[in-house]
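*Asks:*
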Amino acid sequence: MKATVVEKPGVVVVRGVPKPKLEGDYDIIVRARKASICRHPDYELSQGLRPPVKGGRIL
C-alpha cells in the first residue's frame, strides 16, 4: 500500500509500505479512498515545528 511518511523533519515522501496486520480483537483496517492535508498542522509536523515524531511515522 502507499503511505505518506515523515522520514525526518522536512522530508515527507509517499512510498510503498507493508499492509498493516490486525493485532487486537477490536482492530480494523480501513481503506481510504481520498485524503487531504490540513495546511498548518500537517505542514508544521512535516517541518519539525511541532513535537517530533519518530522517523518513518505514517501520516
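For the sequence shown, my numbering gives the first residue as 1, with consecutive numbering after it. Backbone N, C-alpha and C define an ideal beta-carbon position, used for all residues, glycine too.
#1: Can you round the beta-carbon distance between V6 and V12 to whole angstroms, since I take them to be within the 8 Å contact cut?
#2: Report the residue from I37, I29, Q47 whose alpha carbon sits nearest the alpha carbon of M1.
#3: Between the C-alpha atoms of R31 and K19, what's the straight-line distance to the nearest angstrom?
#4: Would you kindly work out how many angstroms separate the C-alpha atoms of D27 and S36, rounded to a whole number?
#5: Tell me the rounded alpha-carbon separation between T4 and P51.
*Replies:* Reading it off the structure:
#1: V6 to V12, Cβ: 5 Å. Contact.
#2: I29
#3: 11 Å
#4: 24 Å
#5: 18 Å
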